[in-house]
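Here the protein sequences line up with chains G and E, keeping their order.
The first sequence begins at 0 in numbering that gives the first Met the number 0 and counts up by one.
The second sequence begins at 0 in numbering that gives the first Met the number 0 and counts up by one.
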Amino acid sequence: MAEEVLLFGFWGSPFSRRVEMVLKLKGIEYKYIDEDFSNKSPSLLKYNPIHKKVPVFVHNGKHLAESLVILEYIDETWKDHPILPKDPYKIANARFWAKFIDEKYLSAIWKSCTSEGKEREKAVEETSELLQFLENELKEQKYFGGETIGLVDIAANIIGYWLEIFEEAFGVELLRKEKFPKLCNWANEFVSVSAIKENLPPRDKLIAFLRNRFGVGNASK
Amino acid sequence: MAEDSVKLLGYWASPYSLKVKWALKLKGIQYQYVEEDLKNKSPMLLQYNPVYKKIPVLVHDDKPLAESLIILEYIDEVWKQNPLLPIDPHERAKARFWAKFADDKCVPALVAAFSKKGEEQERAVKEARENLKILESGLEGKRFFGGETIGFVDIAAGWIGCWAQMTEEIIGIKLIDAETMPLLDSWFQDFLEIPLIKECMPPQDKLLEHCKESHKKF
């Protein structure tokens with residue numbers, strides 16, 4: 000049966016890139032549509048009238064929104080290269096960390112980059128505490144998923160790649176090697192995985208985009 | 000399974016620990032309940048949930064789990080009777096989507112309607128009503144989100160009907176409008192009438208007092 004797999008995304012979004020990473024990992028063919036935020040396509044608004052955001056995933060006419068929901072759907076539908084473990088407790092643990100990453104990290108990182116003075120100090124400290132949780136959670140593993148990447152690694156793509164780009168674009172230092180050796184190591188391993196490497200937005204293009212869009216004029220360091 | 004292998008740390012007035020109680024009851028799972036004093040959290044709670052330091056926490060064979068929706072999915076995967084989630088992956092994804100929508104979009108608006116005043120409250124009420132209307136569309140005309148019987152989204156979001164009613168009474172503003180949201184209104188009523196749901200609810204008068212006390216603080 001011919002499968003129709005569509006993904007509406009944005010080239011710079013870690014959320015739509017997560018979906019692409021899993022599709023690549025599992026060798027699933029799909030059609031990608033890049034959305035322009037200032038001019039959202041009628042298709043996007045039709046498929047995600049509720050949140051009007053990317054990513055939106057369409058499989059044989061059935062559509063889904065919310066990146067973590069989409070990732071679990073993909074994992075349940077295409078069984079090769081699973082991103083969730085088999086044990087219910089380990090699955091719950093993976094979901095916990097993925098949810099935690101989504102709820103806390105991007106806003107803390109964003110605040111650290113775009114606020115000033117005391118607010119920035121507070122945000123930087125909060126980001127550091129959050130990074131410590133993940134540093135501890137890695138333990139002695141290569142990836143959060145163990146020997147191969149899993150749901151948490153993919154959810155943590157924000158930290159694995161986007162964080163360093165935010166640091167460069169806004170001139171902030173958040174993921175220090177002395178403080179977070181395991182996490183830094185993990186980030187290097189993560190971006191080396193071919194399914195991940197092929198799905199990272201170009202660094203310079205993203206830095207320029209962030210600086211342009213969010214009005215940061217100063218060059219860093 | 001022995002009762003002492005499943006423990007739930009909760010708070011009597013919390014809808015989040017109520018959800019877990021409902022799931023355990025639906026599946027006939029015996030468990031030990033531990034009531035937490037939220038003003039004086041136990042070392043056990045802080046040890047079991049160092050990240051959020053909140054209830055509910057489910058402990059199964061000494062392994063702790065936090066976050067109510069994650070706990071619900073875990074319970075569903077370990078105890079297969081009376082399943083909460085459907086089998087079809089797309090239906091499962093829809094259920095997860097709606098449970099998340101209720102938590103992320105309906106609840107904060109309701110909390111803001113409860114705790115704010117003036118223009119801020121007006122905006123929150125409008126947003127709450129809009130999001131509840133959207134939630135109604137997730138029912139797809141069914142009696143419950145789970146179909147003819149309750150499922151994951153019903154347990155995840157059905158409590159909102161009760162808390163919204165209390166909020167309406169306290170702030171004097173209608174949130175769930177039977178005219179504009181007839182299906183949602185029926186759903187809440189049908190859900191809260193189910194015997195096992197009713198049995199686990201905290202005493203309504205005590206809960207109302209508790210909500211009124213909380214409201215005074217704002």
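Note that CB positions come from ideal geometry on N, CA and C, so glycine has one too.
Predicted, not measured: the structure shown is a model, and the values here were computed from it.
| Asked | Found |
| --- | --- |
| Test: Arg-128 (chain E) CB closer than 8 Å to a CB of chain G | no |
| Residues in the region 121-140 of chain G having any Cβ partner in chain E nearer than 9 Å | Phe-132 |
| Proximal residues, the region 79-108 of chain E versus chain G, C-beta separation under 8 Å | Pro-88, His-89, Arg-91, Ala-92, Lys-93, Arg-95, Phe-96, Lys-99, Phe-100 |
| Supposed close pair Leu-83 (chain G), Tyr-72 (chain G) - CB separation, criterion 8 Å | Contact flag wrong, Cβ pair sits at about 12 Å. |
| Neighbour-count burial assignment, Pro-55 (chain E), 16 or more Cβ in a 10 Å radius | buried |
| Chain-ordered chain G contacts of Ala-65 (chain E) [CB-CB under 9 Å] | Phe-95 |
| Member of G:Lys-85, G:Glu-134, G:Val-192, G:Ser-12 whose CA lies at the smallest distance from the CA of Thr-147 (chain G) | G:Val-192 |
| Spatially closest choice to Pro-41 (chain G) from G:Val-55, G:Glu-120, G:Trp-77, G:Lys-178, by CA coordinates | G:Val-55 |
| DSSP three-state assignment for Ala-177 (chain E), whether helix, strand or coil | coil |
| Reduced DSSP secondary structure (H/G/I, E/B, other) of His-62 (chain G) | strand |
| Distance CB(Asp-102 (chain E))-CB(Leu-68 (chain E)) smaller than 8 Å | yes |
| Span separating the alpha-carbon of Phe-143 (chain G) from that of Gln-120 (chain E) | 42 Å |
| Own chain partners of Gly-145 (chain E) with C-beta closer than 6 Å, once the 5 adjacent residues on each side are dropped | Asp-153 |
| Those runs of the beta strand (DSSP E) which lie wholly inside the region 56-127 of chain G and span at least 3 residues | 61-64 |
| Rounded straight-line distance, which links the Cα of Lys-52 (chain E) to that of Lys-38 (chain E) | 12 Å |
| Element boundaries [beta strand (DSSP E), containing Glu-34 (chain E)] | 31-34 |
| Rounded straight-line distance, which links the Cα of Lys-178 (chain G) to that of Ala-156 (chain E) | 41 Å |
| Cross-strand partners of Ile-32 (chain G) (DSSP beta bridge) | G:Phe-7 |
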